Structures are given as structure tokens and as C-alpha cells.
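First residue of the sequence shown: 852, per our numbering; consecutive thereafter. Right, one structure below, let's go through it.
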Amino acid sequence: MTRAGRHGLIVVDRSDHGSSVVLDDTVRRGVADMMDGTDLAGSDDRRFGAKDRVVITSENVLDTVLQRLDDPARADLIDALKNKHRCREMLTARYPDFYYGIVQLDRLTDLKLPPGRRFVVKPNRGYFATAIKIVDSDSDLAATRDEMAAEIRKNGAVFASTVLSDADVIVEEFIDGEEYAVDMFYDGAGMPVIVNIYHHPIPENPDYLHALYYTSKPVFDRLHGELTEWFSSLNETLGARAFPIHGEFKLGANGLVPVELNPLRFGGDGLIDLAFHAFGLNPYDAFFNDRAPDWPTIWRGREEKIYTWMMGYVGTDVDVSSHRPDHGAFQNLFSNILSDTLLNYEAHLGFSVVYAEESDIEAVHRLVNTDFQKFFRETTAFSEDALAKLYRNGVRLQIAAGDYVWHEGDVGDFVLLVIEGGLDVMHRNAQGQEVYLDTIGQRSVVGEYAVIDGRPRTAGVRGGRDGCTAMKVSGEAFRKLLRDAPGLFEELYWQQQMRIRKMNARIGDLEAELAALRAGG
852 MTRAGRHGLI
862 VVDRSDHGSS
872 VVLDDTVRRG
882 VADMMDGTDL
892 AGSDDRRFGA
902 KDRVVITSEN
912 VLDTVLQRLD
922 DPARADLIDA
932 LKNKHRCREM
942 LTARYPDFYY
952 GIVQLDRLTD
962 LKLPPGRRFV
972 VKPNRGYFAT
982 AIKIVDSDSD
992 LAATRDEMAA
1002 EIRKNGAVFA
1012 STVLSDADVI
1022 VEEFIDGEEY
1032 AVDMFYDGAG
1042 MPVIVNIYHH
1052 PIPENPDYLH
1062 ALYYTSKPVF
1072 DRLHGELTEW
1082 FSSLNETLGA
1092 RAFPIHGEFK
1102 LGANGLVPVE
1112 LNPLRFGGDG
1122 LIDLAFHAFG
1132 LNPYDAFFND
1142 RAPDWPTIWR
1152 GREEKIYTWM
1162 MGYVGTDVDV
1172 SSHRPDHGAF
1182 QNLFSNILSD
1192 TLLNYEAHLG
1202 FSVVYAEESD
1212 IEAVHRLVNT
1222 DFQKFFRETT
1232 AFSEDALAKL
1242 YRNGVRLQIA
1252 AGDYVWHEGD
1262 VGDFVLLVIE
1272 GGLDVMHRNA
1282 QGQEVYLDTI
1292 GQRSVVGEYA
1302 VIDGRPRTAG
1312 VRGGRDGCTA
1322 MKVSGEAFRK
1332 LLRDAPGLFE
1342 ELYWQQQMRI
1352 RKMNARIGDL
1362 EAELAALRAG
1372 G
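Structure (C-alpha cells):
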């Protein structure tokens, strides 16, 4: 049986988010080991005892850690926070008038809610706003029940029952106030250590709920002392040691009220990296070494700065199979970008996370209400600005269906921008036959390889089924455009990489067909 390393272990879910400079820094300096949750799930001998410090980066790996945790006390701490009903019971002394209750999801229609108030209905164990609904005494609870059940079923394949429950739901009063988040840990002596505090302004579009968090000295001045006292008081009941928590709070007329407390982790989707980019602070290093940040010193000289974490969402109506993000346009929103990371926009809610420094709170307000639809464009097409530049530098050319513009191996120093119709890309096989590869559609360019590197054409090009109207742009003019307009080069890259991905997929299909033929023969 093996234990976690001398300093501890960070269990990551590489499929859940992009790269993390904090994780890389932690491992590079030997502060802690790092292990992917999938590898941990396949390891029979990796166990965690009471002295092992463990932190996770995603709820996706919480169940895997729980199954290897030989520490009943810490497992109980995790349940005390993940089980929302149990957590509310634990906080009853601090919030004696707070309304909450628990009911089976299929009995939700039996609820008799007091009139004139709003309530939140959510899974007793939940994650990332899954199946969270706001209701009142006039709500259609049958419809609410069905919507929640559908969302839980959809996410049930991703999250274990210890993370997302499908039977019980908690009903609690809606908490008015501004939303804040905090990343903290209890050190080895059980004292709370705060590693960042964020304001979470709520966007006008609820589909982009987690678009932006920011931190600033006024945020710390307002909440650091109150949060330290709050977590100190909580630990009189909880009794935690060497234990990280990401908490979400509302700040209203009655002070701080927790929305949820997420055990064993800090902010997800790279939110924890904001401290590193803003202050050079590594929260994992602080946790594994029981090191409390010196916040007065950290904020000295940064009193007027606002540090933001912003996720570029995939637009609500975007078809990612035919559209791609315009990273350049998105980054133009920010005054001073500290760092950024890309997300797999085909599988994630977002396409990018940007860490930035702002000095104007109004800029933050503009950012949080960004319309993300405008940052997606057709994958195989140029923008209007790029099209205009290419068009002005070209000569119109009419190509009949089947007529070759060039053959594979020809020398050429021009590109074609398709205006109408299409161009077929052809490849000469070992037998000398021309084989169809792909069709280049409107607003796309073909022939750029030879123009950029001076080598012969890599494929033949002929008029498509309906012929083609194209603009012929000389190599000299095209290369000058790429030098003068870097954005055009990026758009060209996107077209090229999508063609390569499409070609690789086709090669994979052909290899599978060939393997099947060989197996059958």
C-alpha cells in the first residue's frame, strides 16, 4: 500500500478544464505530487490516511478520492458540507430563522410553500448549478420536478451520487444580496487561512451565470475579517484540520449567508490561478506548507487594481460543429491581459479563460454582460474585414465545373478566394488517378501552402459541381496582407487546421474500412 507524497497530492481532472500555471508551479517546485483522477481510479494501492494532505481540482474526482480515503473523520467532514441539508442543520445556531427543508424529488409537488417569498430548490448533493430552480407558492412544481429530473439524468453519467444526488432535494429560502466566493483552508491547527476572495457579479443573461469573478482591495477590506470570523466559528462545530474549501456566499442585510461550501478544493476552471497571475501567490503552496498570505503587503501598491477571471462562454445558440471562437476579438475586451488559457469549446461551456487587470469598475460591469454570440464565426470562412481585404487585392475569375486551375505538383504563386460555388481538391494516387479529397466553399481560400513556402502544389484544384466564381490574389499581395494584418493569418490558420482535422478523420475512417476488409478476407 502506498501513501500520498511527503507534501501531499493534487488530484486533477484533465478533461474538465485547461492548463493551470498554479498546478505546474506546484509540481515543478516539488510542493506536491499531481495525479489524474482516471489514473487514481485505476490504482488499487493508492490510499490516503489522516496525515496525507489531498486537494482536488474538480468535483468529478471527489468520489474517486473518497473511495481511497482511510480517514473516517475527513470523509465525515466532506459529507457534512456536500450534504446540503446536513450543512444547513449545522448552521442553524448561526441562522435560526433560515427556512430550509428536504423532500424526495418525486414528492416535490407535496410542498406547501409560504406565500410572498422565493425559494431555491436544488439537489441535496449538487454541483455547478445543476438542477437549481427558483420557485414560489404559485410555481408549477410538477414542471419544476420534471425539469430537475431531466437535468440530473443528463449529468448523472458524469457525476457520482456523492457529488450529484438524484433522490432528495433541499428547499431553502432565496438569499438576497451580492454574491461572493472565497478560497480558504484550515491549517494544521484548525485556523482559517484565506487565499482569495472574489466578487461574483450576476450577468443579465442567466445562461452565462459564471462568466466573471473579480478581486480587489475594497473586496478584501470589506470581507476578509468577516470571513475569517465566519470560518473560525464554523470550525467550532466542524473541527477541520488541513482541509481546503471553496465557498459561495451572499452578502445582504443579514450579513454573510453561505450558498454552498465545496470541500477539498479551491475555485474550479482555473479560478484559483487568479491569485497567481494577480499577486504571484500559489494557493496550493500555501495549503501544503501551512503558509498564510500577508495580505496587507500583497495589496500594497495594488490599491487601485481590479483583477478579473472571465470565461468566454460558448454562445447559447452556437453550433460548434460549424463555428469557432474568435479569440482575438474576445481578448480585445480587456485592458491588460495577464494570462489566458484555451478550453475545448466543443465539449466545455466555455472557449477561453482570460485573467486581466482593470482599473475601472465600470469596465468590469461591461465585461460581465458580454454577449458571447458575437465571438463565434463560421469555421471555414473569413471575417467580413478579411474578405474585403482579399477582394480588393484580387481579380475575378470564372471556373467551369471540372476545369482544373492547377494540378498537384504545379508551381504557382497565387491563391483563390471562393466567392460563389466551390472548388474540388484532388489528389493523385500511386496509380496516377485523381481522387477527390474535399470541397472548398464560399469565403474560403485555397492554394496558400505554395504561396507561403514556395514549394509545388500539394493537391490539384478544379471547378466544383456547379462551377466557381473566385478572386485570384497574387502571392505577393497575399503575403503582404499576412504581414500587415496578423488577424488574417489567424483566420487562415483556423481554416487550415479544420481541413487537417477533417482529413485526419477521413484517413481514420479509411484505415478502419481497410482493417475490416483485411479481417473479412
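Note that beta-carbon positions come from the ideal geometry of N, C-alpha and C, so glycine has one too. Source: prediction; values computed, not measured.
For Val1009, which residues from the same chain have a beta carbon less than 6 Å from its beta carbon, with the 5 sequence-adjacent residues on both sides left out? Taking the sequence shown and counting its residues from 1, the one referred to as residue 1009 is at position 158. Note on Val1009: pLDDT 45, under 50, position unreliable in the model; no value is reported.
For the segment 908 to 918 against the segment 985 to 999, do three or more pairs of beta-carbon atoms, one drawn from each stretch, fall closer than 8 Å, so that the two count as touching? Cβ pair count under 8 Å is below three, so no.
Just verifying my parser: in three-state terms, what is the DSSP assignment at Thr915? Your numbering for residue 915 matches position 64 in the sequence shown. Helix at Thr915.
For Arg996, the three-state DSSP class (helix, strand or coil): Here the question's residue 996 lines up with position 145 in the sequence shown. It is helical.
I'd like the ranges of any alpha helix (DSSP H) spanning at least 4 consecutive residues and lying wholly in the segment 1288 to 1325. For the segment 1288 to 1325, whole alpha helix (DSSP H) runs of length 4 or above, ordered along the chain, are 1299 to 1304.
Going by Cα to Cα distance, which pick from Leu917, Ile1026, Pro974 and Leu964 is closest to Val1108? Numbered from 1 along the sequence shown, position 257 holds the residue referred to as residue 1108. Distance check between Val1108 and each of Leu917, Ile1026, Pro974 and Leu964 places Ile1026 closest, using alpha-carbon atoms only.
C-alpha gap between Leu1333 and Arg1217, whole angstroms: As a working mapping, residue 1333 is identified with position 482 in the sequence shown. As a working mapping, residue 1217 is identified with position 366 in the sequence shown. Whole-angstrom Cα-Cα distance: 32 Å.
From Val986, Val916 and Tyr1300, residue whose alpha carbon lies closest to that of Gly967: Position 116 of the sequence shown, counted from the start, is the residue given in the question as residue 967. Of the candidates Val986, Val916 and Tyr1300, the one whose C-alpha sits nearest the C-alpha of Gly967 is Val986.
So for Leu874, helix, strand or coil by DSSP? The residue given as residue 874 occupies position 23 in the sequence shown. Of the three classes helix, strand and coil, the one that applies to Leu874 here is helix, per DSSP.
Less than 8 Å between C-beta atoms, sequence neighbours within five positions excluded: which residues of the same chain meet that for Val1276? For the purposes of this step, residue 1276 is identified with residue 425 of the sequence shown, where counting begins at 1. Around Val1276: Tyr1287, Leu1288, Asp1289, Thr1290, Ile1291, Val1297, Ala1310, Gly1311 and Val1312.
Which residues in the same chain have their Cβ closer than 7 Å to the Cβ of Tyr1196, if we skip the five residues on either side of it in sequence? Here residue 1196 is taken as the residue at index 345 of the sequence shown, counted from 1. So the list reads Val1165, Val1171, Pro1176 and Phe1202, once near-sequence residues are dropped.
Measure from the alpha carbon of Leu1200 to the alpha carbon of each residue in Ala1180, Leu1274 and Asp1168, then state which is nearest. One-based indexing of the sequence shown puts residue 1200 at position 349. That would be Asp1168, whose Cα lies nearest to the Cα of Leu1200.
Quick check on the burial criterion: 16 or more other C-beta atoms within 10 angstroms. Buried or exposed for Asp1034? Sequence index remark: in the sequence shown, residue 1034 carries index 183 (1-based). Asp1034 comes out buried.
Nearest-angstrom Cα distance between Tyr1031 and Arg1151? By 1-based counting over the sequence shown, the position of residue 1031 is 180. By 1-based counting over the sequence shown, the position of residue 1151 is 300. Those two C-alpha atoms are separated by around 22 Å.
DSSP state of Glu1002, grouped into three classes? Your numbering for residue 1002 matches position 151 in the sequence shown. Glu1002: helix per DSSP, three-state reduction.
Top-ranked residue by Cα proximity to Val971, from Asp957, Tyr951 and Glu1209: Your numbering for residue 971 matches position 120 in the sequence shown. Checking every option, the nearest Cα to that of Val971 belongs to Tyr951.
Under a Cβ-count criterion, where at least 16 other Cβ atoms within 10 Å of its own Cβ denotes burial, should Lys984 be classed as buried or exposed? Reading the sequence shown from its first residue, position 133 is the one you call residue 984. Within 10 angstroms of the beta-carbon of Lys984 lie 16 or more other beta-carbons, which makes it buried.
Should Val1246 be labelled buried (16 or more other beta-carbon atoms within 10 Å of its own) or exposed? The residue given as residue 1246 occupies position 395 in the sequence shown. Counting C-beta atoms within 10 angstroms of its own C-beta, Val1246 has fewer than 16 neighbours from the protein chains shown and is therefore classed as exposed.
The ligand SAM heavy atoms versus the CB of Thr1079: any closer than 7 Å? Although the ligand SAM was asked about, the structure shown includes no ligands whatsoever.
Those residues which DSSP pairs with Gln1249 across a bridge: Residue numbering aside, residue 1249 sits at position 398 when the sequence shown is read from its first letter. For Gln1249, which the question treats as bridged, DSSP gives the partners Thr1320.
With H, G and I counted as helix, E and B as strand and the rest as coil, what does DSSP make of Arg880? As a working mapping, residue 880 is identified with position 29 in the sequence shown. DSSP places Arg880 in coil when its eight states are reduced to three.
Enclosing beta strand (DSSP E) for Gly1163 [first to last residue]: Looking up residue 1163 in the sequence shown gives position 312. Ile1157 to Tyr1164 is the span of the beta strand (DSSP E), which, as asked, contains Gly1163.
From this set, Asp884, Arg865 and Val863, which residue's C-alpha is nearest Asp1136's C-alpha? Within the sequence shown, the letter at position 285 stands for residue 1136. Taking only the C-alpha atoms, the option nearest Asp1136 is Asp884.
When we look at the beta-carbon of Gly1305 and count the other beta-carbons within 10 Å, is it buried (16 or more) or exposed? Along the sequence shown, read from residue 1 onward, the residue named residue 1305 stands at position 454. Around the CB of Gly1305, fewer than 16 other CB atoms lie within 10 Å, so the residue is classed as exposed.
Have a look at Asp1335, Ser1190, Glu1099 and Gly1076 and flag the residue whose alpha-carbon is nearest the alpha-carbon of Gly1131. By 1-based counting over the sequence shown, the position of residue 1131 is 280. Distances from the CA of Gly1131 to each of Asp1335, Ser1190, Glu1099 and Gly1076 were compared; the closest alpha carbon is that of Ser1190.
Excluding the 5 residues preceding and the 5 following Lys1323 in the sequence, name in chain order all residues of the same chain whose CB lies nearer than 7 Å to its CB. For this step, residue 1323 is matched to residue 472 along the sequence shown. Cβ neighbours of Lys1323 beyond the five flanking positions: Gly1245, Val1246, Leu1248, Phe1265 and Leu1267.
Can you tell me which of the three DSSP states Glu1364 falls into? In the sequence shown, the residue the question calls residue 1364 occupies position 513. Taken through DSSP and simplified to helix, strand or coil, Glu1364 comes out as helix.
Between the segment 887 to 898 and the segment 1105 to 1122, do three or more beta carbon pairs fall short of 8 Å? No, they do not touch.
Residues bridged to Gly1272 by DSSP? The residue given as residue 1272 occupies position 421 in the sequence shown. Cys1319.
Please say whether Ile1149 and Glu1209 have beta carbons closer to each other than 8 Å? Here the question's residue 1209 lines up with position 358 in the sequence shown. Here the question's residue 1149 lines up with position 298 in the sequence shown. No, these two residues do not count as a Cβ contact at 8 Å.
Meets three-Cβ-pair contact criterion under 8 Å: the segment 914 to 933 and the segment 1086 to 1106: With contact defined as three or more Cβ pairs closer than 8 Å, the segment 914 to 933 and the segment 1086 to 1106 are in contact.
Taking only the alpha-carbon atoms, compute the straight-line gap between Ile1377 and Tyr1206 and give it to the nearest angstrom. Outside the shown range of the chain, which is 852 to 1372, sits residue 1377, and nothing can be said about it.
8 Å contact criterion, which Ser990 and Pro965 should meet: CB distance rounded: Taking the first residue of the sequence shown as position 1, residue 990 is located at position 139. Taking the first residue of the sequence shown as position 1, residue 965 is located at position 114. About 13 Å separates the two Cβ atoms, so there is no contact after all.
Through-space distance from Leu1339 to Gly1318, alpha-carbon basis: If you number the sequence shown from 1, residue 1318 lands on position 467. If you number the sequence shown from 1, residue 1339 lands on position 488. Our two residues, Gly1318 and Leu1339, have alpha carbons roughly 26 Å apart in a direct line.
Give the list of continuous beta strand (DSSP E) stretches no shorter than 3 residues that lie fully inside the segment 1059 to 1086. For the beta strand (DSSP E) assignment, the uninterrupted runs of no fewer than 3 residues enclosed by the segment 1059 to 1086 are, from N- to C-terminal side, 1063 to 1067.
Among His1061, Gln1346 and Gln918, whose alpha-carbon lies nearest the alpha-carbon of Gln1293? Taking the sequence shown and counting its residues from 1, the one referred to as residue 1293 is at position 442. Considering only alpha carbons, the answer is Gln1346.
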